[in-house]
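Worksheet: one structure, shown below.
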Amino acid sequence: EAGVTQFPSHSVIEKGQTVTLRCDPISGHDNLYWYRRVMGKEIKFLLHFVKESKQDESGMPNNRFLAERTGGTYSTLKVQPAELEDSGVYFCASSQVLRAGEQFFGPGTRLTVL
Amino acid sequence: RKEVEQDPGPFNVPEGATVAFNCTYSNSASQSFFWYRQDCRKEPKLLMSVYSSGNEDGRFTAQLNRASQYISLLIRDSKLSDSATYLCVVNPPGAGSYQLTFGKGTKLSVIP
Numbered sequence: 310e311a312g313v314t315q316f317p318s319h320s321v322i323e324k325g326q327t328v329t330l331r332c333d334p335i336s337g338h339d340n341l342y343w344y345r346r347v348m349g350k351e352i353k354f355l356l357h358f359v360k361e362s363k364q365d366e367s368g369m370p371n372n373r374f375l376a377e378r379t380g381g382t383y384s385t386l387k388v389q390p391a392e393l394e395d396s397g398v399y400f401c402a403s404s405q406v407l408r409a410g411e412q413f414f415g416p417g418t419r420l421t422v423l
Numbered sequence: 008r009k010e011v012e013q014d015p016g017p018f019n020v021p022e023g024a025t026v027a028f029n030c031t032y033s034n035s036a037s038q039s040f041f042w043y044r045q046d047c048r049k050e051p052k053l054l055m056s057v058y059s060s061g062n063e064d065g066r067f068t069a070q071l072n073r074a075s076q077y078i079s080l081l082i083r084d085s086k087l088s089d090s091a092t093y094l095c096v097v098n099p100p101g102a103g104s105y106q107l108t109f110g111k112g113t114k115l116s117v118i119p
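Respectively, the protein sequence lines represent chains A and B.
The working numbering applies: residue 310 is where the first sequence begins, and numbers increase by one.
The working numbering applies: residue 8 is where the second sequence begins, and numbers increase by one.
Here is the structure:
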């Protein structure tokens, strides 16, 4: 069974540019999450989808971040315009509805904003 | 006060040793508890869930003390392959939300 996949694995952009990250969850997992790890800090929650609906977006830092999950399959996270403090590793995770706390993480996208 | 606190280590132990990690959490209404493992520059992977009665999976034993708000992980007979960062993870209360709150992790190095 394929795990959670993320694209790209690395992205280097300049301040002010736009970047879109993609996540493909494990097939059949209705729950999809985005997390971020900034250097030297712990992994922080960004938001949670149940199918195509945003269940919890309390961790989104500001309105420069937009997450979508059209059709309830893959998800995208767009940062526009990117700022220096957005640099970090963005992880996507997915889980089954009945075992929502047991989340499977993708390999992450390492974002560097110069 | 951080929501989940862990000793960052590193813990350097010889093969075959027993090692224990603790973590504390601040929200007494937290619902679920986990230990995740993260290898260098990799994604976190679920090691085990932590139940109130305590649970064991091979060489790994997890305990939860709700009164003191701490969680422990015991690794017996350490292997070189156990070298990793161990993340204490809590699911805080919130209707319909399953966001995970992570500690910064405890680094373990098992030495030959």
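Note that CB positions come from ideal geometry on N, CA and C, so glycine has one too.
Note that the coordinates shown come from a computational prediction; the quantities given were computed from them, not determined experimentally.
In the DSSP annotation of this structure, the continuous segment of the beta strand (DSSP E) that includes I78 of chain B starts and ends at 77-82. When DSSP states are grouped into helix, strand and coil, E12 of chain B belongs to the strand group. Residue pairing by DSSP places C401 of chain A opposite A:W343 in a beta bridge. Using beta-carbon distances, L80 of chain B does not count as an interface residue toward chain A, since no partner is under 9 Å. For K324 of chain A, the number of other beta carbons within 10 angstroms of its own is below 16, and it is reported as exposed. Within the stretch 100-117 of chain B, the residues whose Cβ lies closer than 8 Å to some Cβ of chain A are G101, G103, S104, Y105, Q106, L107, T108, F109, G110, K111, G112, listed in chain order. Chain-order list of chain A residues neighbouring P51 of chain B: I352, F400, F414, by C-beta distance under 8 Å. Within chain A, no C-beta atom comes nearer than 7 Å to that of N62 of chain B; the closest sits roughly 13 Å away.
A direct Cα-to-Cα measurement between K86 of chain B and V117 of chain B gives close to 7 Å. Put simply, the backbone Cα of D395 of chain A is about 23 Å away from that of F413 of chain A. Residues of the stretch 24-47 of chain B with a C-beta less than 7 Å from any C-beta of chain A: S39, F41, listed in chain order.
Within its own chain, the residues whose Cβ lies closer than 6 Å to the Cβ of D46 of chain B, once the five positions on either side in sequence are excluded, are A91, listed in chain order. Interface criterion met: the Cβ of H357 of chain A is under 9 Å from a Cβ in chain B. By a beta-carbon distance limit of 8 Å, L355 of chain A does not contact K363 of chain A. Their separation comes to about 11 Å.
The residue among B:F67, B:K49, B:N72, B:L81 with its C-alpha nearest the C-alpha of S60 of chain B is B:N72. If you draw a 10 Å sphere on the C-beta of A376 of chain A, you find 16 or more other C-beta atoms in it, and that means buried.
Sequence-distant Cβ neighbours of D14 of chain B in its own chain, meaning closer than 6 Å and more than five residues away, are T113.
The Cβ neighbour count for G65 of chain B, taken over all protein chains shown within 10 Å, is under 16; the residue is labelled exposed.
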